[in-house]
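Here is the structure we will look at.
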Amino acid sequence: APAATPVARRMAGQVGLDVRQVPGSGPAGRVTKQDVQTYLAQQPPEAGPPVMPAPAGAAPLPATAAADPRGELRERMSRRRRTIARRLVEAQQTAAMLTTFNEIDMSAVMALRQRRQADFTTRHGVKLGFMSFFVKASVGALKAFPRLNAEIQGDDMVLKQYYDIGVAVGAEEGLVVPVLRDADRLSFAEIERRIKAMSQKAQAGTLTLEELRGGTFTITNGGIFGSMLSTPILNPPQVGILGLHKIQERPVVVDGAVVARPVMYVALSYDHRIVDGREAVLFLVRLKTLIEEPETLLLEG
-5 APAATPVARR MAGQVGLDVR QVPGSGPAGR VTKQDVQTYL AQQPPEAGPP VMPAPAGAAP
55 LPATAAADPR GELRERMSRR RRTIARRLVE AQQTAAMLTT FNEIDMSAVM ALRQRRQADF
115 TTRHGVKLGF MSFFVKASVG ALKAFPRLNA EIQGDDMVLK QYYDIGVAVG AEEGLVVPVL
175 RDADRLSFAE IERRIKAMSQ KAQAGTLTLE ELRGGTFTIT NGGIFGSMLS TPILNPPQVG
235 ILGLHKIQER PVVVDGAVVA RPVMYVALSY DHRIVDGREA VLFLVRLKTL IEEPETLLLE
295 G
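Residues in the sequence shown are numbered from -5 upward in steps of one, following the numbering used here.
This is the structure we're talking about:
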């Protein structure tokens, strides 16, 4: 039987899962808590042992009215939703999480996209979106502040020398975070193509365990739903997550005059156990500089 950490065995036992079914990512194939969580998140609701079987002879639990005469509906959470719930609680209970904010003038990126969109789409068969700019800028900022591209293992900090960027994608049963492997080596077109493919797989429920495993840093975009500002929750064992928000025209003072500019608020949640406030603030300052001067990103590839 493969080796597994005590926490992984206990977590598997709680849901009746044979830990031998879980691919291990630890040393010598050891199964970790994250392996169990990722495995459970990928199982369809009907797969695997039931967490709480219905009494003998009982029909599947329907949405039923509760005792309150005004009416309530009771609905069992799916396996994926239960896993998401556990991970969110784990992040809150384990990390010393803090969030810092900044704002970015999106004028330059929007103008660049407008100039290059037609040619980019013709050459690469995919549109040039905002996410590729933020993936590139995040990698640049992570290289400047490597503790945000790390994780904690016991009393050790493990600083990753690679950049596997998770991109949060909304699916029917909840948020999933497929990973762009070696994002620092990808072109803008490759990033856009992979994000499009991952989004389609997320909607179809066909993302593989390997596509969700690992990740060194996460980007989530609440702006597509209209969010103005939020505090994203860490994706354990990562120590940093970047939250993007809605682009909206706001008054900005430029050379002493008030002008309207398209502005995005960004949020960085981080684990204060290994990331200091100064690093977090300067990370967002670096990100802001790169997005407001997008030609720099193009020159870097």
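For glycine and all other residues, C-beta sits at the position ideal for the given N, C-alpha and C.
Mapping DSSP to helix, strand and coil, what is residue i?
i              : result
alanine 41     : Unreliable positioning characterises alanine 41 in this predicted model, as indicated by a pLDDT of 40, which lies under 50. The coordinate reading is nonetheless provided below. In the structure shown, alanine 41 sits in coil (DSSP, three-state: anything other than H, G, I, E or B).
methionine 100 : coil
threonine 58   : A caution first: threonine 58 carries a pLDDT of 47, below 50, which makes its placement in the model too unreliable to give a value.
threonine -1   : coil
proline 21     : helix
glutamine 315  : Since the first and last residues shown for the chain are -5 and 295, residue 315 lies out of range.
glycine 217    : helix
arginine 207   : coil
leucine 292    : helix
alanine 90     : coil
alanine 162    : coil
leucine 201    : coil
leucine 180    : coil
proline 47     : A caution first: proline 47 carries a pLDDT of 49, below 50, which makes its placement in the model unreliable, though a value can still be read off. It is coil, neither helix nor strand.
arginine 280   : helix
leucine 34     : helix
leucine 169    : strand
leucine 343    : Residue 343 lies beyond the residue range present for the chain, which begins at -5 and ends at 295; the question has no answer from this structure.
alanine 52     : Interpretation of alanine 52 is limited by its pLDDT of 48, a score under 50 that renders its predicted location unreliable; the figure taken from the coordinates is listed afterwards. Three-state result, alanine 52: coil.
arginine 68    : coil
isoleucine 268 : coil
aspartate 249  : coil
methionine 222 : coil
Between residue i and residue j, is the Cβ-Cβ spacing less than 8 Å?
i                 : j              : result
asparagine 215    : methionine 125 : yes
alanine 85        : arginine 267   : no
glutamate 286     : isoleucine 98  : yes
valine 257        : glutamate 186  : no
isoleucine 269    : leucine 142    : The question names isoleucine, yet the displayed sequence has valine at residue 269. Yes, the pair counts as a contact, with Cβ atoms nearer than the cut-off.
leucine 174       : valine 161     : yes
valine 275        : alanine 144    : no
threonine 26      : alanine 2      : yes
alanine 177       : alanine 196    : no
serine 132        : isoleucine 213 : yes
isoleucine 146    : proline 231    : yes
phenylalanine 343 : glutamate 273  : Because the chain is modelled from -5 through 295, residue 343 falls outside the range shown and cannot be assessed.
lysine 154        : threonine 88   : no
Between the Cα of residue i and the Cα atoms of the options, which residue gives the shortest distance?
i              : options                        : result
leucine 292    : Val257, Val129, Leu201, Leu169 : Val129
histidine 239  : Val30, Leu262, Pro17           : Leu262
tyrosine 33    : Gly23, Ala22, Arg24, Gly18     : Gly18
leucine 297    : Tyr264, Ser221, Arg4           : Outside the displayed range of the chain (-5 to 295) lies residue 297, so it cannot be described from this structure.
arginine 4     : Gly20, Ala22, Val30            : Val30
leucine 206    : Arg80, Tyr259, Lys282, Ala35   : Ala35
tyrosine 156   : Glu166, Gly134, Arg110, Val170 : Gly134
isoleucine 190 : Ser101, His118, Glu273         : It is worth fixing the name first, because residue 190 is lysine in this sequence and not isoleucine. Nearest of Ser101, His118, Glu273 to lysine 190, Cα basis: His118.
tyrosine 259   : Ala183, Thr225, Val248         : Thr225
glutamate 204  : Ile218, Gly217, Val170         : Val170
serine 101     : Gln87, Phe95, Arg109           : Arg109
alanine 198    : Glu243, Gly168, Gly271, Gly10  : Gly168
glutamine 242  : Val248, Gly217, Ala251         : Gly217
Among all the DSSP beta bridges, which residues are the ones paired with residue i?
i              : result
isoleucine 235 : Thr212, Ser263
arginine 255   : Arg244
leucine 174    : Ile159
query: What are the start and end residues of each continuous alpha helix (DSSP H) run of 4 or more residues lying completely inside the stretch 94 to 159, in chain order?
result: 101 to 118, 125 to 138
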